[in-house]
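Per the numbering used here: the sequence shown = residues 107 to 300. Structure record follows, encoded as structure tokens.
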Amino acid sequence: MKSYPIVSNILNHLIRGNYMDLLKIAIIAAVMIGVPVLVVFLIVFAVHKLAKEVPQSGRRPGIGLGLLLGFVAGLIVWFVWLSWGGYYENEFGQMQGPYRPWQVVACGVTMVAVTVILGLWTRWTASGPFYSALGGTSGFSFAWAMDALPQDETGLSAFGLVMVIVGVGAGLNVVATLTSIGATIWNNRLPSNA
107 MKSYPIVSNI LNHLIRGNYM DLLKIAIIAA VMIGVPVLVV FLIVFAVHKL AKEVPQSGRR
167 PGIGLGLLLG FVAGLIVWFV WLSWGGYYEN EFGQMQGPYR PWQVVACGVT MVAVTVILGL
227 WTRWTASGPF YSALGGTSGF SFAWAMDALP QDETGLSAFG LVMVIVGVGA GLNVVATLTS
287 IGATIWNNRL PSNA
């Protein structure tokens with residue numbers, strides 16, 4: 107049976123009446139995640155405005171909805187793949203965890219797929235994937251923070267959160283770059299854009 111430490115951790119805080127602890131942790135996580143994401147957002151938005159990109163036709167999500175969908179997708183992907191499990195002993199008797207390698211690989215593949223799909227679905231061919239990647243980075247990092255920070259006694263989770271933001275952000279921005287380049291080339295080859 108799967109155990110969900112994040113759910114039990116948050117429920118324990120709520121049962122004990124530690125609402126302010128959870129609120130403080132959420133605010134700290136939001137600031138730690140929000141500042142770097144805001145900087146990247148401003149860069150992407152400036153490039154988006156300078157490029158004078160033409161939106162794709164049809165009802166597609168714009169900048170705000172692309173960010174929000176990416177955020178929700180990041181939360182869901184983290185919860186589906188990494189919210190359960192725990193430490194385990196490998197075949198050599200060493201403690202490992204909290205995630206098994208296949209969980210991390212499956213989580214990464216899912217996050218890449220979600221970023222590509224959301225990026226291609228947005229209204230903006232060149233910049234849309236970046237908004238999806240930023241939202242995904244924010245959502246994933248926030249879910250990780252809400253799991254790790256409440257149980258941290260050493261302060262190392264704050265550094266871990268920075269590593270998650272940088273790692274997930276860099277990886278998803280590479281995916282967004284490749285998606286953007288591919289979508290732009292594909293759209294420029296269509297007869298209606300010739």
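Note that beta-carbon positions come from the ideal geometry of N, C-alpha and C, so glycine has one too. Keep in mind it's a predicted model, so treat the numbers as computed, not measured.
Tyr237 sits buried, since 16 or more C-beta atoms from the chains shown fall within 10 Å of its C-beta. Judged by their CB atoms, Ala249 and Val220 are not nearer to each other than the 7 Å cut-off. Under the three-state reduction of DSSP output, Tyr194 falls in the strand class.
Under the three-state reduction of DSSP output, Gln162 falls in the coil class, being neither helix nor strand. The Cβ neighbour count for Gly275, taken over all protein chains shown within 10 Å, is at least 16; the residue is labelled buried.
Under DSSP, Gln202 shares a beta bridge with Tyr194. Ile271 and Ala212 have their alpha carbons spaced roughly 19 Å apart.
For Ile131, the CB contacts under 6 Å within the same chain, skipping 5 residues up- and downstream, are Leu255 and Pro256 in chain order.
Secondary structure at Ser233: coil, using DSSP grouped into helix, strand and coil.
By the 16-neighbour rule on beta-carbons within 10 angstroms, Ile139 is buried. Setting aside the 5 residues that flank it on each side, Leu224 is surrounded in the same chain by Gly172, Leu175, Gly176, Ala179 and Ser238, each with a C-beta closer than 7 Å to its C-beta; the list follows chain order. A distance of 7 Å or more separates the beta carbons of Ser163 and Pro235. In the three-state reduction of the DSSP assignment, Gly261 falls in the coil class, being assigned neither a helical nor a strand state. Annotation: Phe151 to Trp208 spans about 36 Å, alpha carbon to alpha carbon. For Pro207, the enclosing alpha helix (DSSP H) covers residues Pro207 to Trp227.
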